[in-house]
Amino acid sequence: MAERNYFDYEPSLPAAIVFAVLYTIPCIVTVYQYFALKCWFWIFMVIAALMEAIGYIARIISVRMPTEMVPYSIQFLCVFLAPAVIAASCYMAMGQVVLHVTPLRLRTFKTLWVTPRWMTPIFVGYDVLAFVQILGGVQVTSDNPQTVLNAFKIMKVGLAIQLLCFGLFLVIAIRFHFVSRSFRQNWPDSKWTKFLWAVNVSAILIFIRSIYCMIEFNQGEHGHLITHEWCFYVFEATVMLPCIVLFNIFHPAHYVSNIGFRQKRGAETISWDAEGVENMHLQASNGLSNST
68 MAERNYFDYE
78 PSLPAAIVFA
88 VLYTIPCIVT
98 VYQYFALKCW
108 FWIFMVIAAL
118 MEAIGYIARI
128 ISVRMPTEMV
138 PYSIQFLCVF
148 LAPAVIAASC
158 YMAMGQVVLH
168 VTPLRLRTFK
178 TLWVTPRWMT
188 PIFVGYDVLA
198 FVQILGGVQV
208 TSDNPQTVLN
218 AFKIMKVGLA
228 IQLLCFGLFL
238 VIAIRFHFVS
248 RSFRQNWPDS
258 KWTKFLWAVN
268 VSAILIFIRS
278 IYCMIEFNQG
288 EHGHLITHEW
298 CFYVFEATVM
308 LPCIVLFNIF
318 HPAHYVSNIG
328 FRQKRGAETI
338 SWDAEGVENM
348 HLQASNGLSN
358 ST
């Protein structure tokens with residue numbers, strides 16, 4: 068009995084090597100920036116970059132040994148799950164941006180739709196749920212056709228959750244560009260907008276990639292997308308690479324002040340109280356001037 072080839076096409080070794088290099092370089096940069104800039108909340112992006120790099124390195128091994136399940140499973144899981152981890156990084160980044168820019172009095176549901184306190188727990192919570200569902204699809208490498216079919220169904224549920232959650236996040240993040248203009252006079256600076264654009268572009272790319280995966284799984288294991296390698300490199304590898312590189316260029320440590328694990332709401336409270344005290348002093352001074 069012939070051994071099973073886990074690829075549905077003749078995989079390209081040069082392509083695997085090229086993308087392994089392309090992902091490993093920003094991965095090294097991401098890890099270096101994490102420790103050099105002490106941006107501790109950015110841990111999810113470090114994990115995602117490592118997953119992508121490991122995934123494409125494992126793909127090289129898998130291409131050379133296409134009948135071995137272990138390297139194929141490693142490359143499949145790492146590459147397939149990494150975008151969900153990058154999405155979690157985007158959720159946390161958005162929460163930090165809102166805390167950095169938005170005055171306390173405007174951190175409300177009416178203004179933001181999701182307050183900073185709940186933004187990360189809600190979206191990351193749904194992301195974890197989608198992650199677990201997608202992880203359940205590891206049986207896609209099974210030799211049993213029915214097991215593979217069930218695995219595709221499980222992953223489709225996870226992708227549907229991810230698409231719904233990420234679609235809502237994308238609307239909220241893009242909307243914030245316009246909402247924030249109403250309190251522009253209170254911005255601590257304007258450079259954070261570049262970081263928010265990076266978050267939004269990354270979010271759009273992840274959303275496009277999720278749509279591709281949903282179509283791929285709906286077509287089944289013999290569909291056009293899953294049986295043609297160029298589709299993988301165009302809609303997966305090429306689309307996700309900028310999501311890491313963008314944040315090497317627009318790193319959160321350069322654009323937001325709150326880069327620790329905990330969201331320091333107290334610091335913002337103090338700064339706004341100080342502004343209120345300053346206004347009281349000005350009013351008192353004006354009162355004295357008028358009385359004299």
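Numbering follows the working numbering, with no gaps: position 156 of the sequence shown is 223. From the three backbone atoms N, C-alpha and C, an ideal C-beta is built for every residue, glycine too.
Just to confirm, are residue 111 and residue 156 a CB contact at a threshold of 8 Å? yes
Among 177, 290, 299, which residue has its Cα nearest to the Cα of residue 242? 177
May I ask you to report which of helix, strand or coil DSSP gives residue 82? helix
Are the region 271 to 291 and the region 167 to 182 touching, with three or more C-beta to C-beta distances below 8 Å? no
Give the range of the alpha helix (DSSP H) segment to which residue 167 is assigned. 136 to 168
Residue 284 by DSSP, collapsed to three states: which one? helix
Cut-off 7 Å between Cβ atoms - residues of its own chain near residue 83, not counting five sequence neighbours on either side: 123, 126, 127, 130
Residues in the same chain with beta-carbon distance under 8 Å from residue 153, minus the five sequence neighbours each way, listed in chain order, please. 111, 112, 115, 269, 273, 307, 310, 311
Have a look at 248, 88, 78, 160 and flag the residue whose alpha-carbon is nearest the alpha-carbon of residue 107. 160
Whole angstroms is fine: what's the gap from residue 250's alpha carbon to residue 169's? 8 Å
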